[in-house]
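Visitor: Residue numbers (mature numbering (1 follows the signal peptide of the UniProt record, and there is no 0)): -26 to -1, 1 to 234.
1. Return the CA-CA distance between residue 52 and residue 38, expressed in angstroms with no decimal places.
2. My parser needs the beta strand (DSSP E) runs of 3 or more residues fully inside the region 54 to 121; what are they?
3. Exposed or buried, residue 227, counting other C-beta atoms within 10 Å across all chains shown (16 or more means buried)?
4. What is the C-beta distance between residue 177 and residue 165, in whole angstroms, given that I count them as a contact (C-beta under 8 Å)?
5. Taking just the CA atoms, how far does residue 57 sit from residue 33?
6. Can you have a look at residue 131 and say buried or exposed, based on whether 16 or more other CB atoms are within 10 angstroms of its CB?
7. Tell me whether the beta-carbon of residue 213 lies closer than 8 Å to the beta-carbon of residue 154.
8. Using the beta-carbon count (16 or more within 10 Å), is residue 223 buried or exposed?
9. Can you give the Cα-Cα distance for residue 17 and residue 44, rounded to whole angstroms?
10. With the cut-off set at 8 Å, would you say residue 149 and residue 118 are in Cβ contact?
11. When we look at the beta-carbon of residue 156 and count the other beta-carbons within 10 Å, is it buried (16 or more) or exposed?
12. I need the straight-line Cα distance from residue 20 to residue 9, nearest angstrom please.
13. Mind checking residue 126: buried by the 16 CB within 10 Å criterion, or exposed?
14. Would you kindly work out how many angstroms separate the C-alpha atoms of residue 70 and residue 59, rounded to a whole number?
15. Quick one: measure Cβ to Cβ for residue 174 and residue 219, integer angstroms, because I've assumed they're closer than 8 Å.
16. Mind checking whether residue 103 and residue 172 have CB atoms under 8 Å apart?
17. How would you label residue 99, buried or exposed, when you count the other beta carbons within 10 angstroms and need 16 or more for buried?
18. I need the straight-line Cα distance from residue 198 to residue 123, nearest angstrom please.
19. Pop quiz: residue 129 and residue 95 are said to be a contact at Cβ under 8 Å. What is the actual Cβ separation, rounded to whole angstroms?
20. In this structure, how does DSSP classify residue 164 when only helix, strand and coil are distinguished?
21. Just verifying my parser: in three-state terms, what is the DSSP assignment at residue 197?
22. Since residue 187 sits in a beta bridge, which residues does DSSP pair it with?
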């Protein structure tokens, strides 16, 4: 069949038009697909950001939870510690209450004891040889004054009395020389005085022209035989650390009862 030129032209035009329309449709479909892909990628990126942010927040929350759990654990340990302290303090409070009551009873007993000890010191000094007599009497007077002072504790008062007893004990073991007063025939004279424990008590005047020894029986100072004067001088030298210790021969100042 033969087509006329005009018909052929119309057919070609129709085919071209149809092909052009298909091309336009394909291009539009491609553009739409690319737009959808772009939107999908954008949504995916946004979702990934949200996921990353949520993961970061989740990690932070987990860290907070772990810190809180550790704090709770520490607080429990501290609570148990405080409970133990409170229990211990309650026990100490009960113990202190008992001790306070005991201290009250002890103070009621210690005060009369201290006065009794002071009376004992007075008796020792009054019946003993006059070794540093003025110092010992002054010490007792200070202790008696101390007993009535409210600003000094009973413990300190008791310590001072014990210290005085220790000094009295030391008089019985030392070789000591000092200057003091002696009563010679009713006259008070200054002299060098030496005692060897409580065994011997002697004195000499400052120019070493007179020597005396204490007689415990008669409670008086008596002249010493001239033969003993060099020994007394030797004893003074030893007591004042001017000579080395050695054998000393001194008058004995013991009453008959003390010698036994």
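Cβ atoms here follow ideal geometry from the backbone N, Cα and C, with glycine treated the same way.
In this text the structure is predicted, and so the values were computed from the model without any measurement.
Guide: Straight from the coordinates:
1. So the two alpha carbons sit approximately 21 Å from each other.
2. Note on the region 54 to 121: there is no whole beta strand (DSSP E) run with a minimum of 3 residues.
3. buried
4. Contact holds; Cβ gap of about 4 Å.
5. 36 Å
6. Burial call: buried.
7. no
8. exposed
9. 40 Å
10. no
11. buried
12. Rounded to whole angstroms, residue 20 to residue 9 spans 16 Å at the Cα level.
13. exposed
14. Between the C-alpha atoms of residue 70 and residue 59 there is a straight-line separation of about 16 Å.
15. Contact flag wrong, Cβ pair sits at about 15 Å.
16. Going by C-beta atoms, residue 103 is nearer than 8 Å to residue 172.
17. buried
18. 46 Å
19. With 8 Å as the limit, residue 129 and residue 95 do not qualify as a contact, their Cβ atoms being about 18 Å apart.
20. strand
21. Strand.
22. 176, 196
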